[in-house]
Structure formats: C-alpha cells, structure tokens
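Residue numbers (mature numbering (1 follows the signal peptide of the UniProt record, and there is no 0)): -20 to -1, 1 to 399.
The beta carbon of each residue, even a glycine, is placed where N, CA and C say it ideally should be.
Some notes on the structure that comes next.
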C-alpha cells in the first residue's frame, strides 16, 4: 500500500507543540525549526502558521524525507488538532449500503431457491455460491468501519490501519470470486432457455472464460505481495518484501469485468430478436434480459473510483467510494440473476400486479413457433428445426422465456431418396 502524508494547516506549529512536551516526533520538530526560521510567522502565531502554504509544503517535504511513516502520521494528527481541522467521518456510508443491498440479495436468493426447490440446477448453485462469497465481503465492511475505515488515516491507531488493509485485501478476493459466479449464473440461465447448439457452445466457452477470469484474478490478489503478509504490513516500512503494481492489476480486473459483462448481456439478443413476437413484446423480452446493463453502469462508476484508489495518500478515507461501489456491484449482480425467479414468486402471491397464471389469456397459453431450415453441405439434405416458444411458464417455473426443441425433421432431397 502506498502511504504518504499530506500535511495541511499548522505544520509550522510543531516546534511550539514539542516544547509543550506533546507526542510530536523529534524529526518533525527539526523540520519545523528549519522552515519556521524562513517564515514571517511567529512560532506561537498559529493562525499565521496555518495559512502559510509555502511553509506547510516545505515542512511536509522535509518530514517525508526524514521521518518514518508512523512518525509522519503522528505529526499530522498533532498539527491537525492544533489547527482545529474538522474531524471527517463517513464510516456509516459503507455499512448502510452493504446492509440494504446485501439484505435484498439474501432475500432474492432465498426466493430463487424457494421457486426452484424441487428442480435445483447448476445455475441455482452458482447463485448461492455468489452469495457465499459476497456475504463475507459485506461482513468485513462492517468490521472495517468499526476499526475506522471512513476516517482520516492519521487519526487511527496503527494496529487498526494494519487490520483495515488486511481486511481490504480479503474483500477484494471475495469480490472477484463473486463477480465470476454471477456471470456463470446468467450463462446457466441462457443454457436453460435457448436450445441452439451453436449458441450453447458459445455459452459453455464463456463459462470457461469466466472460471479462468475468477481464478486468475482471485489468486493474483492473494499473492500480489510476497510474503503475503507484506501486503498489510509493508505500509509501515518496518518489514521486508515486495509487491507488484496492484493498482494496475485492479484496473485490469475492472476493465475485463466490464467487457465480460457487456458480452454476456449482448450474447442472447440475436436469439431474442428471432422470436416470432410482436414488436412491443419483443422489446419487453429484450429489456428483461438486458437488466444486466445496470450492473455494467455500476461497474463503470466503480472503475472511476479506482483513480482515487491509485493516487490516494489517505486510503482509509479516500477509498470509501471504491468499497461501497464494489459491495453494491456484487450484491446488485446477485439480485439481477434472481429477478426471473423473484417475479415468478411474486406473480403467485400478487397475481393482479404481476400477472396470473390462471388467466386463460395469460402468456402461459401463448405459444410461438420458430422454424429454420438449412442445407447440409454436400449431402443434399435440408434440416428443418421447429421450436415452441412459451412466454411466462407455468406456475412454479422461473419467469423466463423457455425455448424447447419441439421437433426436428430431416428431409432428404437427394435423388437417392426421391425427395
């Protein structure tokens, strides 16, 4: 972790504080003495000292070059207190967002399992897996906020800083694993819905890519420093080890994540456009499958926060947006993967609002047939495939479009068979 100290107002008051026998480090006091001699401010004129930006910058650079990290943070805390800097605190933001989005995600997964309890499939298992990874991530956000995540780094006890960095490392691992699982869950839905062999092959390949994506980036996060513990102890400058550029790694993950999101969202649209539906109904169906665009929007917003993540010298305060956007992205992704099942349950409980499956005019009784023909190269055989498309399946089924391969006929048009 990159640690620097940004000394604001009252840095020049270090000398006076030192004389009053405070906790001001000696190295910072010496820096003050050097630059205070060049200033027009009196050593006891804190108002003048706090407003002297040139003096502040000089002392800051001196402290960065002569003090340890812990000494610098102590000096910053003392001078901030002396100058009356406001105490900033946004420790409640991440827990609130985590609690609300996480609670909704748990409910969504519960409703999905309730809807599918007698016919559970792999997609349901990956949805539960996503939640299993996301819940520890959310729980750690509560612990981190209790330790001071959301406050300026210089006001925190050193042991709290170490724990926050360690828990941040863990949340990143859980986040990357959860995002991989949510994509696989959506692809499993496609496999359940669409019968086309070529399309299913693409889905299976994409699932493989998502598995590799989750494993590579999760393991890359685990071992981004060596020894591993250096990732949360190295900030002190008191331990030895090395790390690769994790900021670049986080950017790479975010970009690949967005690309995969877009691909997974766009993947079924050509299949949906082939349905023999009216324009309005076709738009409705496409929009239902495109709800994942909201996830992509959240991913893009999170990507913008990584700029601050990379440049921050006050990580426990500045990185709060990155934390809550990551949590929001993970839990919203889980909710989106469960939306068809959630609507299926709600339709049974509130048939008036969400459509009744007992209505003779309901979509359950509306079937659309799709036929496609193609010549089998070199064989003189024409292959005709018919599918029945049933909108809004029967009670108890997830609220998705189910395409079932109803019949497949091969017509031999060659001279041999006389067709």
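query	result
Within 10 Å of its beta-carbon, does residue 85 have 16 or more other beta-carbons around it, so buried, or fewer, so exposed?	buried
Measuring only the C-alpha atoms, how far is residue 146 from residue 299?	14 Å
Which residues bound the alpha helix (DSSP H) around residue 156?	138 to 173
With the cut-off set at 8 Å, would you say residue 135 and residue 227 are in Cβ contact?	no
One question on the structure: do residue 71 and residue 128 come within less than 8 Å of each other, judged by their Cβ atoms?	yes
If we require 4 or more residues per run, which alpha helix (DSSP H) segments fall completely within the stretch 12 to 99?	26 to 31, 33 to 46, 49 to 62 and 73 to 96
Which two residues bound the contiguous alpha helix (DSSP H) that contains residue 131?	Unbroken run through residue 131: none, as it is neither H nor E.
Rounded to whole angstroms, what's the CA-CA distance from residue 155 to residue 310? Just pull it up for me.	7 Å
Give every residue of the same chain whose Cβ lies closer than 7 Å to the Cβ of residue 14, excluding the five residues on either side of it in the sequence, and list them in chain order.	42
If you check the beta carbons only, do residue 91 and residue 322 fall under 8 Å apart?	yes
Throw me the rounded Cβ distance for the residue 244 and residue 181 pair, which I believe falls under 8 Å.	Not quite, the Cβ-Cβ distance comes to about 15 Å (not below 8 Å), so this is no contact.
Over the uninterrupted alpha helix (DSSP H) stretch that includes residue 126, give me the two end residues.	102 to 127
Whole-angstrom Cβ separation of residue 222 and residue 197, contact assumed at under 8 Å?	Going by Cβ atoms, the distance from residue 222 to residue 197 rounds to 20 Å, so no, they are not a contact pair.
From the DSSP secondary-structure annotation, give me the bridge partner or partners of residue 206.	222
Under the rule that 16 or more other beta-carbon atoms within 10 Å means buried, what is residue 253, buried or exposed?	exposed
Tell me whether the beta-carbon of residue 230 lies closer than 8 Å to the beta-carbon of residue 289.	yes
Could you check what DSSP says for residue 4 in three-state terms: helix, strand or coil?	coil
Would you report the Cα separation of residue 282 and residue 177, rounded to the nearest angstrom?	36 Å
Please report the residue range of the alpha helix (DSSP H) in which residue 328 lies.	300 to 329
Which same chain residues, not among the five before or five after residue 308, have their C-beta less than 7 Å away from its C-beta?	77, 81 and 278
Buried or exposed, going by whether 16 or more other CB atoms sit within 10 Å of the CB of residue 17?	exposed
Would you identify the three-state DSSP class for residue 195, choosing helix, strand or coil?	helix
Could you give the DSSP three-state label for residue 240: helix, strand or coil?	helix
Under 8 Å, do residue 139 and residue 201 count as touching if we go by C-beta distance?	no
Check for me: the alpha helix (DSSP H) holding residue 247 runs from which residue to which?	No alpha helix (DSSP H) contains residue 247, which DSSP labels as neither H nor E.
From residue 259 to residue 286, what does the alpha carbon distance come to, in whole angstroms?	41 Å
Suppose you measure from the CA of residue 63 to the CA of residue 27; what does that come to, to the nearest Å?	8 Å
Once you ignore the five residues that flank residue 206 on each side, which residues in its own chain have a CB closer than 7 Å to its CB?	221 and 222
Could you tell me the distance, in whole angstroms, from the CA atom of residue 405 to the CA atom of residue 272?	The structure shown has nothing for residue 405, since the chain only spans -20 to 399.
If you run the structure through DSSP and keep just helix, strand and coil, what is residue 294?	coil
Only counting the same chain, and skipping five residues up and downstream in sequence, which positions put a Cβ closer than 7 Å to that of residue 123?	147
Quick check: residue 275 and residue 329, are their CB atoms within less than 8 Å of each other?	no
Whose C-beta lies closer than 6 Å to the C-beta of residue 317 among residues of the same chain, with five residues either side of it excluded?	107, 162, 165 and 166
Compare the Cα-Cα distances from residue 302 to each of 67, 88, 121 and 101 and report the closest residue.	121
Write down the C-beta distance between residue 49 and residue 11 rounded to the nearest angstrom, noting that I regard them as a contact closer than 8 Å.	Not quite, the Cβ-Cβ distance comes to about 15 Å (not below 8 Å), so this is no contact.
Any idea what DSSP makes of residue 176, helix, strand or coil?	coil
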